[in-house]
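Notes follow the structure.
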Amino acid sequence: MVAGTVKYTLKCLKCGKSYSEDHYICSCENKCDALLKTVYEQKSFTVDESYQGIWRFHQWLPIQKIDQRLVDHGSSFLTYKSTKLAEHLGLKNLIICLNAYPHCHTGAFKDLEAEVTFQRVMNTFDSGKPLVMSSDGNNAISFVYYSNVIRYPIFLFATEDARLRRIWSFSKSNPYTRLFPIEGDYFDAINLGNQFSNVEGYLSEGGFRNVARRDSVGTMTLDVTRFLGHLPDHYFQALGSGPGAIAAYEAAERLILDGHYGKKLPKIHGSQNYPYVPMYEAWENHSRIIDERFQK
Ligand SMILES: [Zn+2]
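Quick note on our numbering: the sequence shown kicks off at 802 and runs consecutively.
As structure tokens, then:
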């Protein structure tokens, strides 16, 4: 990572407009309903063994350097070849990326997304502006955890029920988190968070539109490819709002461009469990539209 050189740009998948890495941008200025994708200058896949966990893949993470506190408190996952589950399922080559405590400090893979997001924002001119987000679960817990590690402010909108029952922290005091409990449902929390993130001086964290979230989860595809020596044939992922599946797709595209790991995209299998099944429903209905009641 050399200061002064361009490491990556962000490209709108609809209009093609490119954005520099200098700002924390999550949406195209032309109001395109499309994602921005990270385009890395370096096209060859590298694993930097001088780092631990996902930081080994820093060449394909949207960051410029790695804060020592995030190295010391880095979250990761364990990649291994399954024997018992593989046998139970009748599979010969089942590789598992296990996201769990203690590899992920709070027990969820959202830790990967939080640590890279904080590093991303700190490497832009927007550094210092509070990140505004809404979450009722693991995202909130991971972002609270890493806001303490890295001492970066977040404004978190969640339901009162989530505050009481689900959101927790290892620390008694969380001076970098402003939590806004909402008396209402999760969609009220999301709406208020979205409105607040438009206030001057604050940043919308971006959710699935945030490339740090997607590229951090994409390291699972990178690691399994490192493990196998080639791209996997199939990729299974539980889906919340979908960034994991998109991330696997984007990482596989980069690996194909490298040229050493195969030419075929893995078949990506998404799964959701009831009652939160917006993508499953849309898929079953052959629709590209997510039902209103699931929409953010
Ligand atoms: Zn655009």
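Every residue gets a Cβ at the ideal spot worked out from N, C-alpha and C, and that includes glycine.
Pull up the DSSP beta-bridge partners for PHE981, would you. Here residue 981 refers to the residue found at position 180 of the sequence shown. Residue pairing of PHE981 in beta bridges, as defined by DSSP: PHE958.
Quick one: using the 10 Å Cβ neighbour count with 16 as the cut-off for buried, is ASP911 buried or exposed? Here residue 911 is taken as the residue at index 110 of the sequence shown, counted from 1. A quick correction: the sequence has Lys, not Asp, at residue 911. When all chains shown are included, LYS911 counts as buried.
For HIS874, the nearest candidate out of THR880, LYS882, LEU862 and ILE855 (CA to CA): Here residue 874 refers to the residue found at position 73 of the sequence shown. Nearest C-alpha to HIS874: ILE855.
Could you give the distance in angstroms between the alpha-carbon of TYR1100 and the alpha-carbon of TYR1062? Not covered by the structure: residue 1100. The range shown for the chain is 802 to 1097.
Run through the region 974-1023 for me and flag every whole beta strand (DSSP E) of 3 or more residues, listed as ranges in chain order. Runs found: 978-983.
Find the nearest neighbour of TRP969 within the set SER928, PRO954 and PHE944, judged by alpha-carbon distance. Locating residue 969 in the sequence shown gives position 168, counting from the first residue. Among SER928, PRO954 and PHE944, the Cα nearest to that of TRP969 belongs to PHE944.
Answer yes or no: the CB of CYS816 versus the heavy atoms of ligand 1, is any distance below 7 Å? Locating residue 816 in the sequence shown gives position 15, where the first residue counts as 1. Relative to ligand 1, CYS816 has its C-beta within less than 7 Å of a heavy atom.
For GLY1153, does the count of other Cβ atoms within 10 angstroms reach 16, so buried, or fall short, so exposed? Residue coverage of the chain in this structure runs from 802 to 1097, which leaves residue 1153 outside it and unanswerable.
Evaluate contact between the region 964-982 and the region 998-1008, counting only Cβ atoms and requiring at least three cross-stretch pairs below 8 Å. The region 964-982 is not in contact with the region 998-1008.
Within its chain, find whatever has a CB closer than 7 Å to the CB of THR918; leave out the 5 residues flanking it on each side and keep chain order. By one-based count along the sequence shown, residue 918 stands at place 117. GLU1006, ASN1011, ALA1013 and ARG1014.
So, is LEU879 buried or exposed, given that buried needs 16 or more other C-beta atoms within 10 angstroms? Residue numbering aside, residue 879 sits at position 78 when the sequence shown is read from its first letter. It counts as exposed.
Going by DSSP, what residue range makes up the alpha helix (DSSP H) through GLY1045? Taking the first residue of the sequence shown as 1, we reach residue 1045 at position 244. Start and end: 1044-1059.
Candidates SER1072, ASP989, LYS844 and PHE958, of which the one nearest VAL933 by Cα: As a working note, residue 933 is residue 132 in the sequence shown. Checked all of SER1072, ASP989, LYS844 and PHE958; the closest Cα to VAL933 is PHE958.
Is the closest heavy atom of ligand 1 to the C-beta of ASN939 under 7 Å? Reading the sequence shown from its first residue, position 138 is the one you call residue 939. ASN939 Cβ: outside cutoff for every heavy atom of ligand 1.
Below 8 Å CB to CB, which residues in the same chain sit around LYS1068 once its five sequence neighbours on both sides are set aside? Your numbering for residue 1068 matches position 267 in the sequence shown. Cβ neighbours of LYS1068 beyond the five flanking positions: ASP1034, HIS1035 and TYR1036.
Local Cβ density within 10 Å of PHE926, reported as buried at 16 or more and exposed below that: Within the sequence shown, residue 926 is the residue found at index 125, counting from 1. In summary, PHE926 is exposed, with fewer than 16 beta-carbon neighbours lying within 10 Å of its beta-carbon over all protein chains present.
Do PHE1009 and SER1042 come within 8 Å of each other at the CB atom, strictly closer than that value? Stepping through the sequence shown from its first residue, residue 1042 is reached at position 241. Stepping through the sequence shown from its first residue, residue 1009 is reached at position 208. Contact flag set, yes.
Let me check you understand the geometry: is the CB of CYS813 closer than 7 Å to at least one non-hydrogen atom of ligand 1? In the sequence shown, the residue the question calls residue 813 occupies position 12. Residue side-chain check: CYS813 places its Cβ nearer than 7 Å to a non-hydrogen atom of ligand 1.
Give the DSSP-derived three-state secondary structure of SER877 in the structure shown. As a working note, residue 877 is residue 76 in the sequence shown. The three-state reading of DSSP puts SER877 in coil, since its state is none of H, G, I, E or B.
Cβ-Cβ distance between LEU1056 and LEU1032 below 8 Å: Numbered from 1 along the sequence shown, position 255 holds the residue referred to as residue 1056. Numbered from 1 along the sequence shown, position 231 holds the residue referred to as residue 1032. Yes. Within cutoff.
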